[in-house]
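Contents: one structure, followed by commentary.
4 protein chains.
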Amino acid sequence: MLKAAIVGATGIVGQQFIVALKNHLWIEIGALAASERSAGRSYKEAITDAQSRALRWFCDEPPMEEVMAMSVQNAIEMDTSAIDIVFSAIESDQAKILEPKFAVDKAVISTASAFRYDDDVPILIPGINSDHARLLQVQRKSRGWKGFITPIPNCTTAGLAITLKPIYQAFGLNAAIMTSMQAMSGAGRSPGVIGLDILDNVIPFIPGEEEKVQRETQKILGNFEGTSISPARFNVSCTCTRVNVREGHTESVFASTQKACEVDDVARAMREFGGSAGDADLPSAPEHMIIVLEDPFRPQPRLDRDTEDGMTTVVGRIRKDTVLENGIKYLLVSHNTKMGAAKGAVLVAELLIRDGYIS
Amino acid sequence: MLKAAIVGATGIVGQQFIVALKNHLWIEIGALAASERSAGRSYKEAITDAQSRALRWFCDEPPMEEVMAMSVQNAIEMDTSAIDIVFSAIESDQAKILEPKFAVDKAVISTASAFRYDDDVPILIPGINSDHARLLQVQRKSRGWKGFITPIPNCTTAGLAITLKPIYQAFGLNAAIMTSMQAMSGAGRSPGVIGLDILDNVIPFIPGEEEKVQRETQKILGNFEGTSISPARFNVSCTCTRVNVREGHTESVFASTQKACEVDDVARAMREFGGSAGDADLPSAPEHMIIVLEDPFRPQPRLDRDTEDGMTTVVGRIRKDTVLENGIKYLLVSHNTKMGAAKGAVLVAELLIRDGYIS
Amino acid sequence: MLKAAIVGATGIVGQQFIVALKNHLWIEIGALAASERSAGRSYKEAITDAQSRALRWFCDEPPMEEVMAMSVQNAIEMDTSAIDIVFSAIESDQAKILEPKFAVDKAVISTASAFRYDDDVPILIPGINSDHARLLQVQRKSRGWKGFITPIPNCTTAGLAITLKPIYQAFGLNAAIMTSMQAMSGAGRSPGVIGLDILDNVIPFIPGEEEKVQRETQKILGNFEGTSISPARFNVSCTCTRVNVREGHTESVFASTQKACEVDDVARAMREFGGSAGDADLPSAPEHMIIVLEDPFRPQPRLDRDTEDGMTTVVGRIRKDTVLENGIKYLLVSHNTKMGAAKGAVLVAELLIRDGYIS
Amino acid sequence: MLKAAIVGATGIVGQQFIVALKNHLWIEIGALAASERSAGRSYKEAITDAQSRALRWFCDEPPMEEVMAMSVQNAIEMDTSAIDIVFSAIESDQAKILEPKFAVDKAVISTASAFRYDDDVPILIPGINSDHARLLQVQRKSRGWKGFITPIPNCTTAGLAITLKPIYQAFGLNAAIMTSMQAMSGAGRSPGVIGLDILDNVIPFIPGEEEKVQRETQKILGNFEGTSISPARFNVSCTCTRVNVREGHTESVFASTQKACEVDDVARAMREFGGSAGDADLPSAPEHMIIVLEDPFRPQPRLDRDTEDGMTTVVGRIRKDTVLENGIKYLLVSHNTKMGAAKGAVLVAELLIRDGYIS
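Residue numbers (my numbering), protein chains in the order written: chain A, 1 to 359; chain G, 360 to 718; chain C, 719 to 1077; chain W, 1078 to 1436.
Structure (structure tokens):
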């Protein structure tokens, strides 16, 4: 068993890491770290509200007893000597400082965006761009690290990149236009989305989100060319909104392909791609990267987000678009805090273990 | 004062007509008609649930006492002798049968889609395509009617057509791509959207909606050419979804213009257009057809739907789009049951009164 | 294996029966029945919307393939020759007619209220009043049936009766006052609660509900006295409301006990009762009838409804009440469509199988 | 015109004061104060998010231009020389420090609970206990102030005390039991209720709320006896919960009266009381303190909260209760941020101006 540290363990993403590692076949939790305020307390104590004694645990699955009893370390002084993997669930500004410290000799897999756009840093989605992991060798060399940093994509990028991949592969892509209807859990809880703001409402702006999705999609679908990734040469334009949904991002996609293709061709490319992911042997990998539904009222976030424990992107309503050249339009639902966050990061760890980057 | 009949008066759209005509300067309610079941009862009795005695009144504004006391007629036998205008708030299949009967000698203004796509039928939005009213002369002649039928657009078309108009006028349009996040009230109450289906959810399909929006937008922005309307020659492609919002459709628009234009140009075109609507003297007309907000978190349906009593389309987040040729993207909020339904129909009546089509 | 028929199989409660019987150890589905309209079609076809081809399946768990392939029978002509148990998921007015037909020679377990208040009909909650099953012998004799009808309680009664039982047993009860905040799923889908009505709202009335809860609680906690049940002699008064929650009824209870008791006494009585249910060996029985939480912010319907697959009633905030004699107040969450409906009925079947009433 | 300062002007309650004073006949805004951070900036600037430039204005009614231009003062250094009334919209811990400073020579009307339970401090609801204002003379003398502090009740107390008053007056009261379903706006926005917590949920605990309601109701309905208030001698017991509603608290009340009374008697007492409030001449007073609806599905927070601009308490479903002695039960809806907060405080100011306490 490899030993993982979870940094930012008391927050919502940190908690999702704890759940994602429950009964994991290859990885066990070796350390929990958070801010100084939590340091030295048991995890249970650290997530218990001092005044009301309420437990601040936010996942559906209950926390494991043995984790509750673990002592929380101060992240900036964490002892990593017995640790093989650091899962980072901290904010970007802290990540900028802490992650390079850990990466000196450890594998750091991060949900933060701090290093996503650096030239020597891949944004990995196993089954989509697993070969980009080779950029980690470049990173190690250039930065003089024994370890490395590899962030996962923004939660909104994940479903888009995954569903564009089989289209891109089969027909080429000129461009993609996307409007997202994002779940509240993507905003976290500090305070995240305020109830008064989202009831009976849509919030039409998520700062920074659109730029991330546009840039990351091109990088993820780009080519690894020996020492760097050459971004995919199609433009992505999006508008990201927040809706009154707990989990599961819905995205309305319009894509222009290079080769003409019919609705059935696209559905088949997605289905066959989904069924043959070369990385389906990884413990957290879904059986299908993509599932395509025929019911015109699907996908719906509440009904489809938990498909294959939230690791499958569910697609529906594939239709011709009449505006774009070889236009295709569809909707997708992707679980933003499973494939789009902690469990997606664990899947990356599994890929890197299998392929010898972590040992 | 002209006298109006409301057909389908007991339903939600019929009720909105009653509210839209409250204290109207030019029009008073002369008759209420519904199905045979309601015929002969007072309006109050007709909308009172027999068993629970609950009032089935669905508007925020309370119903007027004098309307509550009016007797409801059977729509298929309604006496229109003293009536000048028929506001039709019935379903399309009934509209197909009943509206032509009324149109023999009356002005029929309808929220149903039954006749929207007929060549001799305009879809009017005062301030946007007021000149299309001239097609009513053609309709009268071709159908041998003294009256006419003129439907208003689908509620989702309204905001899109209104905001595209100043862009089309100033810069020309190649195409528009739109994803809607529509309010529940657009689906009515029979049963409309079921609470269990929409809580914590997005419903990605509204049967027939996308085709309507695509076709109607082209017709509304088309050219009246003497005896017919030549549809605007830009394509519209959309994906229509339902979100957990009571009133107010949100639309994410990506448009390709013929002439290059900057964000500020588009904002100015919308603002100046909004401020100079030639039909702003009509009693129900908003002061501004369009309001453009600078706050990046706007427009929001809950905050912006009621602008100028729901007759103004509120726009925000105008940005460059990098996918379409001369691409521009923005969001809009439009009140689907005010400008997009009954009150929009009353505005059409006002236009036709002012311009001599109804007298 | 015993064979069960599900009558009303296409509705939401019927679907919950299908889920509750998935992989059941003692019972298998032998027949599905619904209205004439569905008769002769496969179950899959019967729940597929003819026009949109959408599947009208409303449970979280997907339907089993073998059930989808079963042929649906017309309920009024159903062949029960190979059937041992009839689970009835139909409306009360139909139940009045159909259930006695089946009861001539079959065990009928019903979610309908049609027969709940008949003197020779028990309302069973295994673990609470299992001994009331003996009334079925009286019923058989008085009605000349080989079978019987036994309804389960109203979904709102279940949690109240379950939590009052240990209090009643340990301290006696003078009275109980309850205000419910009920989930939408209790209203079904025809149309159930309309989205427009419940968004940003509370609906303060559920017709007939309060009378049911008051009467059923007294009957369930009553004494079986040889040939009849003598209702418990404490009054119950309630106000039932609907809130914007999908599943899980929340109830605010104020109870007056005969013997004085402290908060800790009540918590202990509930905990010990919960841990020692004599019927915990039944396959669908929860390990704990009641779980008492210390966190003052619990129970919450979203977090607690699924405890032990929705068969446990979760209690919190036990406090002294200063108004009633020996007053105690608490809140409970109970899963209205698991313990409160189909799965609760399956648990009743299990009790009656174990105790020899069904064979 | 009297001049008012609003302390805590940038928060949500402060904003509600600004709205409540718009076009006020007797009072104009003379100063705005907030924390040091806002001091010296225009109000508009102080409520504009520095990074996103979004306006943090939370009321439905837009802010007035002249208020936006006012300069915000530091509350602890506020110049009150030209001020007649201080409306305090700050948290209790700050109120403890700041309000006595202002009260040395100014009338302080507060939404904070800091001084509510002091013996020489009345909790005023005009029309309910206007005579308690006389306690302010005692307070002035005992504290050596020229001014005074008078808090309004907790928002949940208001509707309960108002509706119990006519019952208490006509029939006497033994006790009241209440379960509230409170709106999110009562929790404010820092962060108030988090969207993730309230979606598809009920939160069964609001720290401190129940104690406040119990104590304040007795004080408000108590007797002023020359130098102090003798609390009403009936017990109040409540359970306070939070539901997914924006504005408007719903309360389920069970009351025991001293004299027997019928449902119609209670309805009549409420109606007659509501129609004859001796303080209905105050500018912010509703025409009816209480409105009783017959429709069994009312009151509903969304439909009834705005009755008479949120100053009327709306009652429905008055029924006999079978548990309490002379038991009566009903539901009420009360606007927690109008009558229950800023506008209720302005009404208190009006009472005190009319009766000569402020000049």
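Using N, Cα and C, we set each Cβ at its ideal position, and we do this for glycine too.
- Taking every protein chain shown into account, the CB of G:ARG592 has fewer than 16 other CB atoms within 10 angstroms, so this residue is exposed.
- Non-local beta-carbon contacts of A:ASN235 in its own chain, meaning distances under 6 Å to residues more than five positions away in sequence, involve ALA175 in chain order.
- If the five residues before and after A:LEU282 are omitted, its C-beta is found closer than 8 Å to the C-beta atoms of PRO126, LEU347, GLU350, LEU351 and ARG354, all from its own chain and listed in chain order.
- In the DSSP annotation of this structure, the continuous segment of the beta strand (DSSP E) that includes G:GLN432 starts and ends at 431-433.
- Residue contact with chain A for G:LEU641: absent (no Cβ-Cβ distance below 9 Å to any residue of chain A).
- Contact check for C:LEU739 against C:MET788 fails: the beta carbons are separated by 9 Å or more.
- Between C:THR874 and C:SER898 a beta carbon distance of about 5 Å is seen, short of the 8 Å cut, so the two are scored as contacting.
- Within chain C, ASP1013, PRO1014 and PHE1015 have C-beta atoms less than 9 Å from the C-beta of A:SER52, given in sequence order.
- CA-to-CA, the gap between W:MET1145 and C:CYS979 works out to about 58 Å.
- Per DSSP, the continuous beta strand (DSSP E) segment holding A:PRO151 begins and ends at 148-151.
- A distance below 7 Å between beta-carbons, with the five flanking residues on each side excluded, links W:LEU1213 to the following residues of its chain, in chain order: PRO1199, PHE1225, THR1227 and TYR1434.
- Those residues of the region 246-268 of chain A placed with their C-beta closer than 7 Å to a C-beta in chain G are ARG246, THR250, SER252 and PHE254, ordered along the chain.
- Using a CB distance cut-off of 9 Å, W:LEU1250 does not count as an interface residue toward chain A.
- CA-to-CA, the gap between A:ASP118 and A:HIS132 works out to about 13 Å.
- The residue from W:LEU1273, W:PHE1282, W:VAL1392 and W:GLU1293 with its alpha-carbon nearest to that of W:GLU1328 is W:VAL1392.
- Between the C-alpha atoms of A:PRO100 and A:ALA34 there is a straight-line separation of about 17 Å.
- Taking C-beta atoms as the reference points, C:SER831 and C:ALA807 fail to come closer than 9 Å.
- Identification of chain G residues near A:PHE205 by a Cβ-Cβ cut-off of 7 Å yields PRO655, PHE656 and ARG676, ordered along the chain.
- C:LEU1049 sits away from C:ALA973, with the two beta carbons spaced by 9 Å or more.
- Note on geometry: alpha-carbon atoms of C:ILE916 and G:ALA520 lie some 32 Å from one another.
- The C-beta of W:MET1258 comes closer than 9 Å to at least one C-beta of chain C.
- Around the Cβ of W:ASP1381, a 10 Å sphere holds 16 or more other Cβ atoms; the residue is buried.
- Shown here, W:SER1115 sits in a helix according to DSSP, grouped into three states.
- Using beta-carbon distances, C:ASP802 does not count as an interface residue toward chain W, since no partner is under 9 Å.
- Between C:GLY890 and C:MET902, the CB-CB gap reaches or exceeds 9 Å.
- Flagged as an interface residue toward chain G: A:ASP321, by a C-beta distance shorter than 9 Å.
- If you draw a straight line from the Cα of A:ALA82 to the Cα of A:PRO62, it comes to about 27 Å.
- In the three-state scheme derived from DSSP, where H, G and I count as helix and E and B as strand, G:THR470 is classed as coil.
- Collapsing the DSSP output to three states places G:HIS491 in a helix.
- For G:PHE446, the enclosing beta strand (DSSP E) covers residues 444-447.
- Using a CB distance cut-off of 9 Å, A:ASN326 does not count as an interface residue toward chain W.
- Interface criterion met: the Cβ of A:VAL193 is under 9 Å from a Cβ in chain W.
- Contact note: A:SER185 reaches chain W through LEU1273, using a C-beta cutoff of 7 Å and chain order.
- Within chain C, the C-beta atoms nearer than 8 Å to that of W:PRO1378 come from ASP918, ASN919 and VAL920, in chain order.
- Against A:LEU331, the close residues of chain G are PRO563 and THR598, in the order they occur along the chain (beta-carbon pairs closer than 7 Å).
- Against G:LEU523, chain W offers no close residue; the least beta-carbon distance is about 26 Å (beta-carbon pairs closer than 8 Å).
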